[in-house]
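**Student:**
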Amino acid sequence: MSDAPSSYQPPPVAIHPAPVAEHAHHPWLQHHFDNMEQQAEASTLGMWVFLVTEIMFFGGLFMAYLVYRHQSPSGFQEASHHLNIYWGAANTAILIVSSLTMALAVRAAQTSQPAKTQVGWLLATMGFGAAFLGIKAIEYYDKFRDHIVPGPYFQWEGQYPKPAEQFYSLYFAMTGLHALHMVIGLGIMTVIAVMAWRKTFDEEYYTPVEVAGLYWHFVDIVWIFLFPLLYLIGRHYHAG
Amino acid sequence: MFTNFPFFPQAASEQAGQIDALYFFLVAVTAFFTALIAIMVVVFAVKFRRKHDDEVGEAIHGSLALELLWTVIPLGITMVMFVWGAQVFFHMTRPPKGAMEIYVVGKQWMWKAQHMDGAREINELHVPIGRPVKLIMGSEDVIHSFFIPEFRVKADVIPGRLNTLWFTATKPGRYHLFCTQYCGTKHSAMIGWVTAMEPAEYEAWLGGGGAGGTMADAGAKLFQDLACATCHLDNGQGRGPVLKGAFGKPVTLQTGQTVTIDDAYVRESILNPQAKVVAGFQPIMPTFQGLVTEEQLLQLIAYVKSLGEQQGATK
Amino acid sequence: MSGHVAPKSMYYAVFAALMVGTALTVLVAFYDLGPLNNVLMLGIAMTKAALVVLFFMHVRWSTRLTWVVAASGFVWLLILFGLTMMDYLTRGWVPGTWR
Amino acid sequence: MDTTTATPTLNYLNNGYGLKSWLLTKDHKRIALLYLWSITAFFFLGGFFALMIRLELLTPAADLVQPDTYNKLFTMHGVVMVFFFLIPSIPAVLGNFLLPIMVGAKDLAFPRINLLSWYIYVLGGLFTVAAALSGGVDTGWTFYAPYSTSASNSNVILAGVGIFITGFSSILTGLNFIVTVHRMRAPGLTWFRLPLFVWAHYATSLIMILGTPVIAITVLLVAVERGLHLGIFDPALGGDPILFQHLFWFYSHPAVYIMILPAMGVVAELVQAFSRKNIFGYTFVAFSSLAIAIIGFLVWGHHLFVAGQSTYAGLVFSIISMFVAIPSAVKVFNWTATIYKGSVSWDSPMLYAFGFIGLFTIGGLTGLFLATLGMDIHMHDTYFIIAHFHYVMVGGAIFGYLGGLHYWWPKITGRMYPEGWAKFAALNIFVGFNLTFGPQFLVGYLGMPRRYAMYSPEFQVWNVLSTAGATILGVGYLIPMIYFTWSLKNAPRAGANPWGARGLEWEIPSPPPTENFAVTPVVTEGTHQYAPSREVGIV
Chain A
347 MSDAPSSYQP PPVAIHPAPV AEHAHHPWLQ HHFDNMEQQA EASTLGMWVF LVTEIMFFGG
407 LFMAYLVYRH QSPSGFQEAS HHLNIYWGAA NTAILIVSSL TMALAVRAAQ TSQPAKTQVG
467 WLLATMGFGA AFLGIKAIEY YDKFRDHIVP GPYFQWEGQY PKPAEQFYSL YFAMTGLHAL
527 HMVIGLGIMT VIAVMAWRKT FDEEYYTPVE VAGLYWHFVD IVWIFLFPLL YLIGRHYHAG
Chain B
7 MFTNFPFFPQ AASEQAGQID ALYFFLVAVT AFFTALIAIM VVVFAVKFRR KHDDEVGEAI
67 HGSLALELLW TVIPLGITMV MFVWGAQVFF HMTRPPKGAM EIYVVGKQWM WKAQHMDGAR
127 EINELHVPIG RPVKLIMGSE DVIHSFFIPE FRVKADVIPG RLNTLWFTAT KPGRYHLFCT
187 QYCGTKHSAM IGWVTAMEPA EYEAWLGGGG AGGTMADAGA KLFQDLACAT CHLDNGQGRG
247 PVLKGAFGKP VTLQTGQTVT IDDAYVRESI LNPQAKVVAG FQPIMPTFQG LVTEEQLLQL
307 IAYVKSLGEQ QGATK
Chain C
457 MSGHVAPKSM YYAVFAALMV GTALTVLVAF YDLGPLNNVL MLGIAMTKAA LVVLFFMHVR
517 WSTRLTWVVA ASGFVWLLIL FGLTMMDYLT RGWVPGTWR
Chain D
280 MDTTTATPTL NYLNNGYGLK SWLLTKDHKR IALLYLWSIT AFFFLGGFFA LMIRLELLTP
340 AADLVQPDTY NKLFTMHGVV MVFFFLIPSI PAVLGNFLLP IMVGAKDLAF PRINLLSWYI
400 YVLGGLFTVA AALSGGVDTG WTFYAPYSTS ASNSNVILAG VGIFITGFSS ILTGLNFIVT
460 VHRMRAPGLT WFRLPLFVWA HYATSLIMIL GTPVIAITVL LVAVERGLHL GIFDPALGGD
520 PILFQHLFWF YSHPAVYIMI LPAMGVVAEL VQAFSRKNIF GYTFVAFSSL AIAIIGFLVW
580 GHHLFVAGQS TYAGLVFSII SMFVAIPSAV KVFNWTATIY KGSVSWDSPM LYAFGFIGLF
640 TIGGLTGLFL ATLGMDIHMH DTYFIIAHFH YVMVGGAIFG YLGGLHYWWP KITGRMYPEG
700 WAKFAALNIF VGFNLTFGPQ FLVGYLGMPR RYAMYSPEFQ VWNVLSTAGA TILGVGYLIP
760 MIYFTWSLKN APRAGANPWG ARGLEWEIPS PPPTENFAVT PVVTEGTHQY APSREVGIV
């Protein structure tokens, strides 16, 4: 065998400039990015792409919900009656407030406000997130108490025990997955809050807060749909 | 050991010819384009092989005309495939009216068939030739699929619902029956034989089978045993709708929708009575899910169906 | 680097709109408006989601690429829902076939 | 053999030694090699299962293994080959290695996430191997409910969790590629100067991020339904098994394009490099990748023609499935036209490209049989469909993978490989492959169902041929394994550009330095422009 199969060398497709001396970099600029702007754009785009996968992830559950709601509308209506609209509405409001405080946390970083302000908004966001989970826990407890957790101990007094069990299978799957996202969100917020406390963020560099904010708002949006779909549709039949 | 090199399954049903014609068309298209591409690749690769090390190819960037050509031609051919295939599909999925009905139940790992007059068989199916046969199929456990290669027919057999399949056998003989949807350990043993017979022979065979009355008789007995008859009275005074003369006719539901009472509707109404309640009745019927087997369900359906026919005859 | 900094007042306005939407959707649930109930509820939910996406998530001021990415999620969701429901909603359309 | 004994310059391979420097690396090239080793292990594991399947099918009776064991063998073969070999193969190895270089970047946008995706892949793999070792799974790789949710008494949950986890590895890879292509391209590298390999990977990544989450939630629901008896898919609990099929195929049909699109990208590179000629109809080839990715999401219902889907839905899915054939045909014709008036070398990577074009044509056209409504009734779940997708997956995806691996081997390792052996192996694999899967078309039309441990004696002759072919194919796979390993120490060193190809990856040393480019290059031309441009055409 020859050393190389071909001695033909075509011209290059690019100009390769010679290395020049390094100039000062922002401490948070990773080596493979050219500048902070490219790094920030890559990170936010990455989070958006990730959120698209999250949409599809929840999408599978929404699909199942749609099919079974279509197959037994009356059963789902009856089953949803056991959910407490007021807890659901309160949780919706709490998440919206947390989204507001999150948006203000991002704004605080964007405008180089003191670390204390940034951390304050972040802690407020986490507080409301925790409150949401607390209420969710109360709701779950009610379901356990009333034996409407799907499985061998499921009991249903109404006309449609099968669709009701299915409704609660989906209820726990959807709200459980959502709650898991909230827990992960709280974890992320902890990291961000520590970074903010260490005065990491200013108008030059606030990508982590922004990206975490995108995630938090997305989790809020999922609940914005879960609330009417699970709690509200068909309630007037019994509410009057 | 290898005395036969089979290339092609026997064609023993009316549908087989249609499928085979479509198959030959598709094989011809495949052979033509595979040969075309292979010949072009080989000819170009030989003719334009590198003669010396510094040689480069010509800079040809493309041709809109060619791109359109090899977009439009495949599009045209695939549309022929689609239309032809759809025609065959329509023919194969719509059983003709008046087809002879046989009920089939799949379970791990056997096929149970029950003829209208009561004859039952396991992993065997006897059918007359020259007459459309419609199979109404349900499953007791997982998804199976009913496949007779020589007839070129197949349909999944799905728990929780009824599927149908129909064929007209044309040649007497014994043909393979396979389960084609993977269903567990003995999936490959869930096989059997379909015997196509001259109509006279078939009648003789039926006479030899069927102890214990027709399917509808068995259904009528269940109808009494399960106390269906206490609500579904014939005089219209019962708490449930009159079943006599109902089958095959449209009925208005509570929701205002209209559905035709067919096999699937009767089945659903036994297992999930609240799903489609007839207008003017209370949703009080209990479910019979778990109380009747798939086979008994089919007997009940056959009975309800026979009630419908009674009325139709007197009209 | 510089991103768009929105005034605080805008965030409060969007927040107010979201709260009003929530109140409205709960209110509507108690009245029987026929099929309009579902339309209103989903309409309000979508409006709220759009507000969050556009303002809280800054898509209003983002590149066209972000718009495309955000939209693609919903388009693909519609593909999943649309084609699957196409099967369920057309069962039995062709007479004599599977339901 | 070693002609150059000069001390090698600093490159990604000799920049740090020891286990830690590999297991904690953030270098996309090292991560690509981590993937290479792990997918090779899974490939031979899946291959072992395949060999056992073929040996069992030598005779009609279930004599080598019991049906129960056979069912586990084909399930593990499918799971391992689909989720742990084919889906990561080209993207995670060749894509990981080359995509940043081809766009003129120092690394992927998120190097840590890239490493994380490998660990996730390994973790998912461990779950699946654990499922196999603790008794296996017998549901088929399709996990159809309600068999998977209630009837099977094998390790469905363990395997399902394995697939769930591995899905995230695929999602993260796709995410990384998309962001890299959008945000990390070198100055001057416009979209229409991108190598077609990058276009193909971009299209693949779209499917990865849009489809994978749906299969993840679906297998998770199967596991949850099994574990907690929630009624999602099992009709006995009020569920709908057809819904499972919709959700499963929403991902798993596009997933076959995850497997074939990167191979198409590789073949486009091979055809251009070894014909020394730019691709015929660049924009058509580039956009056909996107078209396949997008239309591919609209066709999944063609897996449900006999499953009780509505007739109307069947019609819609059938006609859209026909449309997906068009961009595939456009690609085949354009590759073929590229060879015309080229300077064609017959080096081993090009042999794989030739094989790919022919076998993919057969695989693609036989796919049309299955998209044709009436025809599918007879073909569905027979060996015809097995033959069809192996023509696409082996004749397509694996040929592309092997062709690409040979083409870029000098770049990856800095060494050539024995060309004579490589040619022999390519021929061996081509012959073995056709002998294995060609007969399966015939036995499929005869009516032999898939997933049968025992079969009717009249099918035997074709099965014997197929098993004979599989043996040849198995040997064919071992040969490259041996000479590639041998080449690492013994083969001659490769220069920066041993093939005389044009592209950014051939303008940096072999093996490349850790940061790929000392300074970000400025791209002035599209790829694979060899001769001075001139306008020619039939127009």
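Chains as they are written, first to last, in this note's numbering: chain A, 347 to 586; chain B, 7 to 321; chain C, 457 to 555; chain D, 280 to 818. From the three backbone atoms N, C-alpha and C, an ideal C-beta is built for every residue, glycine too.
Using only alpha-carbon positions, find the residue among I310/D, W625/D, L725/D that is nearest to W778/D.
**Tutor:** W625/D
**Student:** With distance defined between alpha-carbon atoms, name the residue in I579/A, P574/A, G580/A, R581/A nearest to A439/A.
**Tutor:** Considering only alpha carbons, the answer is P574/A.
**Student:** Which chain A residues sit within Cβ distance under 7 Å of M475/C?
**Tutor:** Under the 7 Å cutoff, chain A gives A439, I442.
**Student:** List the residues of chain A whose Cβ lies closer than 7 Å to the Cβ of D60/B, in chain order.
**Tutor:** Y354
**Student:** Going along the chain, which residues of the segment 615-631 of chain D sit with their C-beta nearer than 9 Å to a C-beta in chain B?
**Tutor:** T615, A616, T617, I618, Y619, K620, G621, S622, V623, S624, W625, M629
**Student:** Could you say which of H58/B, H193/B, V110/B lies nearest to V133/B if we only look at CA atoms?
**Tutor:** V110/B
**Student:** Would you call the segment 338-350 of chain D in contact with the segment 308-323 of chain D, where contact means no fewer than 3 C-beta pairs closer than 8 Å?
**Tutor:** no
**Student:** For the ligand SAM, I want to know if V366/A counts as a neighbour, meaning its beta carbon is within less than 7 Å of at least one of the ligand's heavy atoms.
**Tutor:** Judged by which ligands are present, the structure shown has none, so any question about the ligand SAM falls away.
**Student:** Please confirm if D386/D has its CB atom under 8 Å from at least one CB of chain A.
**Tutor:** yes
**Student:** For the segment 523-538 of chain A and the segment 468-479 of chain A, state whether three or more C-beta atom pairs, one from each stretch, are separated by less than 8 Å.
**Tutor:** yes
**Student:** Under 8 Å Cβ to Cβ from Y467/C, same chain only, skipping five residues before and after it: list those, please.
**Tutor:** F511, F512
**Student:** Exposed or buried, L302/D, counting other C-beta atoms within 10 Å across all chains shown (16 or more means buried)?
**Tutor:** Burial check for L302/D: the Cβ neighbour count within 10 Å stays below 16, so the residue is exposed.
**Student:** Pick out the complete alpha helix (DSSP H) segments inside the segment 574-644 of chain D, 4 residues or longer, and give them in chain order.
**Tutor:** 590-618
**Student:** What is the DSSP secondary structure of N169/B, counted as helix, strand or coil?
**Tutor:** strand
**Student:** Ends of the beta strand (DSSP E) at Q120/B?
**Tutor:** 116-121
**Student:** Count Cβ pairs between the segment 771-787 of chain D and the segment 551-561 of chain D that sit closer than 8 Å; are there 3 or more?
**Tutor:** yes
**Student:** Give the C-beta separation of T645/D and Y670/D to the nearest angstrom, bearing in mind that I take them to be a contact with Cβ-Cβ under 8 Å.
**Tutor:** 7 Å
**Student:** Measure from the alpha carbon of L183/B to the alpha carbon of each residue in K160/B, Q24/B, L249/B, then state which is nearest.
**Tutor:** Ranking K160/B, Q24/B, L249/B by CA distance to the CA of L183/B puts K160/B first.
**Student:** For H428/A, decide whether its Cβ has a neighbour in chain D, counting only Cβ atoms nearer than 8 Å.
**Tutor:** False, the Cβ-Cβ gap to chain D never drops below 8 Å.
**Student:** In whole angstroms, what separates the C-alpha of S352/A from that of A773/D?
**Tutor:** 10 Å
**Student:** Could one say the Cβ of G589/D lies closer than 8 Å to chain C's Cβ atoms, at least one of them?
**Tutor:** This sequence places Ser at residue 589/D; Gly is not what is there. Under the Cβ distance rule, S589/D counts among the residues neighbouring chain C, one pair being separated by less than 8 Å.
**Student:** Of all Cβ atoms in chain A, is any one closer than 8 Å to the Cβ of W778/D?
**Tutor:** yes
**Student:** Which of the three DSSP states is assigned to G254/B in this structure?
**Tutor:** The answer is coil: DSSP assigns G254/B none of H, G, I, E or B.
**Student:** Quick one: which chain C residues come within Cβ less than 9 Å of F529/D?
**Tutor:** I535, L536, L539, T540
**Student:** State buried or exposed for A558/C, treating a residue as buried only when at least 16 other CB atoms are found within 10 Å of its CB.
**Tutor:** There is no way to answer for residue 558/C, as the model of chain C reaches only from 457 to 555.
**Student:** Are the beta-carbon atoms of Y314/D and N375/D separated by less than 8 Å?
**Tutor:** With contacts defined by Cβ atoms closer than 8 Å, Y314/D and N375/D form a contacting pair.
**Student:** Using the three-state DSSP reduction, which class does M360/D fall into: helix, strand or coil?
**Tutor:** In this structure, M360/D counts as helix in the three-state DSSP scheme.
**Student:** Who pairs with Y551/A in a beta bridge, going by DSSP?
**Tutor:** Answer is D548/A.
**Student:** My output table needs one value for S789/D: the three-state DSSP class, helix, strand or coil.
**Tutor:** coil
**Student:** Using only the alpha-carbon positions, how far apart do G675/D and V557/A sit?
**Tutor:** 39 Å
**Student:** Need the endpoints of the beta strand (DSSP E) that A773/D sits in, please.
**Tutor:** Counting along the chain, A773/D falls outside any beta strand (DSSP E), and DSSP gives it neither H nor E.
**Student:** Are the beta-carbon atoms belonging to F596/D and I656/D less than 8 Å from one another?
**Tutor:** Contact flag unset, no.
**Student:** Within 10 Å of its beta-carbon, does H193/B have 16 or more other beta-carbons around it, so buried, or fewer, so exposed?
**Tutor:** buried
**Student:** Would M116/B and M203/B be called neighbours here (beta carbons separated by less than 8 Å)?
**Tutor:** Going by C-beta atoms, M116/B is not nearer than 8 Å to M203/B.
**Student:** From the DSSP secondary-structure annotation, give me the bridge partner or partners of A175/B.
**Tutor:** S19/B
**Student:** Where does A810/D fall in DSSP's three states?
**Tutor:** In the structure shown, A810/D sits in coil (DSSP, three-state: anything other than H, G, I, E or B).
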